[in-house]
Amino acid sequence: MPLTRTVKSTPGPTSSRTRSSSKTPAPKPTKRAAAPAHDPTRDEALLALGPTYAAAPDMPVSVAERELTSLSRLAHAQQARFSRIGITADKVDLLARFARRLGALEKAWQRARGAVKLTAAQRKLRDEAEALDAKLVAGGRWGCRNDAAAQAELSRIADGSGLADTIQDLRDLVDFWSDHESALGVTDITRKDLERARALADALEEAAANEASDASAARALELRNRCFWAADELAKDVREGGRYAFRDQPKIAARFVSRHRATLNRRSRLKSKKAKADALPEQAAVI
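When you line the sequence shown up against the UniProt record's numbering, it's residues 1 to 287, in that order.
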């Protein structure tokens, strides 16, 4: 019987489509994350502002933080009206971020200030000076409560923070009480307090120089100040927009005013009126 040749069948080459189907699908290329938007509240943005932004705030930072927070909430509640005049929701949200950032920078400044290397004796004097500063201001608030000009002067003195500011406060308060000596009798302020204020102001000059020269404290203070004025600039824009948008509703428009500055302006006008009234009898006497 003739042998038959058996041909073993071998699988033919698979198509590229078949081969590729057994492989794991290549992952889709991921999209590159968008670059973060410019944030005006960040350190680098604040430090890029002009030198005038480094000036000391013209109101207590705690008051400014509260006013910014209140303003952002008010504007958010009226966003529909604001959007029609070009003040976007992003701008209102930025105002709230500035309020939070300002509060954080104030705390950072206080921590940095507390870490400045002062001697134990200097720290004790600083604490005494701050307590005496508060006592002299509180006495003036009470003793001169019916004198609008005196109240305006006390508000000016009370603004600001830092050891150098406390020293200047003490000197200004000594002058204040020299001008309002008749009101001392209804307060618990003594002449020894005023003498001590002078002595403390002189004794703390060196400590103030140390605080000013400390790099960490100086940077923290500069950032806080710059944040204050950048936030204030934005707040003014929102306040003006609010007064314009609600010019037909005076009660709502009135809420878009800084209460602190309105009080200072009112007292300043009263002080100016009083000065003019006091000058009239003197002019008449000369005539």
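Don't be surprised by glycine CBs; every beta carbon is placed ideally from N, CA and C.
Spatial neighbours of residue i in its chain, beta-carbon cut-off 6 Å, leaving aside the 5 residues before and after
| i | result |
| --- | --- |
| residue 57 | 228 |
| residue 136 | 173 |
| residue 160 | 56 |
| residue 109 | 220, 221 and 224 |
| residue 155 | 264 |
| residue 53 | 226 and 229 |
| residue 65 | 99, 102 and 103 |
As assigned by DSSP and simplified to three states, the class of residue i
| i | result |
| --- | --- |
| residue 21 | In this prediction, residue 21 scores a pLDDT of 47, lower than 50, which makes its location untrustworthy; no coordinate-derived value is stated. |
| residue 78 | coil |
| residue 117 | coil |
| residue 98 | helix |
| residue 182 | helix |
| residue 43 | helix |
| residue 252 | helix |
| residue 60 | coil |
| residue 190 | coil |
| residue 92 | helix |
| residue 72 | helix |
| residue 86 | coil |
| residue 137 | helix |
| residue 49 | coil |
| residue 145 | coil |
Cβ distance (whole Å) where residue i is taken to contact residue j below 8 Å
| i | j | result |
| --- | --- | --- |
| residue 129 | residue 170 | 6 Å |
Residue span of the alpha helix (DSSP H) that contains residue i, given as start and end
| i | result |
| --- | --- |
| residue 178 | 163–179 |
| residue 221 | 215–245 |
| residue 204 | Unbroken run through residue 204: none, as it is neither H nor E. |
| residue 154 | 148–158 |
Neighbourhood of residue i by C-beta, 7 Å cutoff - its chain only, sequence neighbours within 5 removed
| i | result |
| --- | --- |
| residue 203 | 125 |
| residue 241 | 82, 85 and 87 |
| residue 166 | 129, 130 and 133 |
| residue 194 | 174 and 177 |
| residue 247 | 253 |
Residues near residue i by beta carbon distance below 8 Å, same chain, minus five either side
| i | result |
| --- | --- |
| residue 211 | 113, 116, 118, 162, 163, 164 and 217 |
| residue 68 | 95, 96, 98, 99, 102, 231 and 235 |
Exercise. For the 8 Å Cβ check, are there 3 or more pairs between the region 91–105 and the region 65–76?
Worked result: yes
Exercise. Is the region 53–68 close to the region 229–238, with three or more CB pairs under 8 Å?
Worked result: yes
For this session: State whether the region 109–126 contacts the region 238–256, with contact taken as three or more CB pairs (one from each stretch) at a distance under 8 Å.
Result: no
Exercise. Three or more beta-carbon pairs under 8 Å between the region 131–150 and the region 180–187, yes or no?
Worked result: yes
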